[in-house]
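Working notes, beginning with the structure itself.
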Amino acid sequence: MGVSRSAAGLAAPAFVSAALGHRVISTLPLGNRSLVVAHALVGADSDAVGQNVGWLLDGPYARVLALHRRPGQIWRPGSEVKLEAGDDLVLVSTRKGLDEVLRRTEARPTVSTPATA
């Protein structure tokens, strides 16, 4: 007997992709879960700048497939590779893992203080 999937199960990866914006390259159904292949850009003012790939993946359910950095790219970067502002990571992860990686790589919001008169 073949595998049968519900309409909701087939549509779920598309909804995940739409919810996460253009960062998602593809979704991969895996049993009753989905993995996402996505981009994460290391922001200039993010917590990830100066950290290594191992730090970035400590906790999240994610693996870095490639790191695009001028002038080239690094396939399957080791855990000791230091992250720089502007690095474009291609990773595979669970949705929860992607959320955490994005939290670590996005620039921190700037807090402006009101001007005093």
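Here the sequence shown stands for residues 1 to 117, where the numbers follow our numbering.
The beta-carbon is built from N, C-alpha and C at its ideal position, and this holds for glycine as well.
Note that the coordinates shown come from a computational prediction; the quantities given were computed from them, not determined experimentally.
Selection from the options that minimises the alpha carbon distance to residue i
i      : options                     : result
Arg-23 : Asp-99, Arg-108 and Ala-107 : Asp-99
Arg-95 : Ser-79, Leu-35 and Leu-30   : Leu-35
Exposure of residue i, with buried meaning 16 or more beta-carbon neighbours within 10 Å
i      : result
Ala-38 : buried
Pro-29 : exposed
Pro-77 : buried
Asp-45 : exposed
Asp-58 : exposed
As assigned by DSSP and simplified to three states, the class of residue i
i       : result
Val-101 : helix
Leu-57  : coil
Arg-33  : strand
Arg-69  : strand
Same chain only: Cβ atoms within 6 angstroms of residue i, ignoring 5 sequence neighbours per side
i      : result
Ala-62 : Leu-91, Ser-93, Gly-97 and Val-101
Asp-47 : Arg-104
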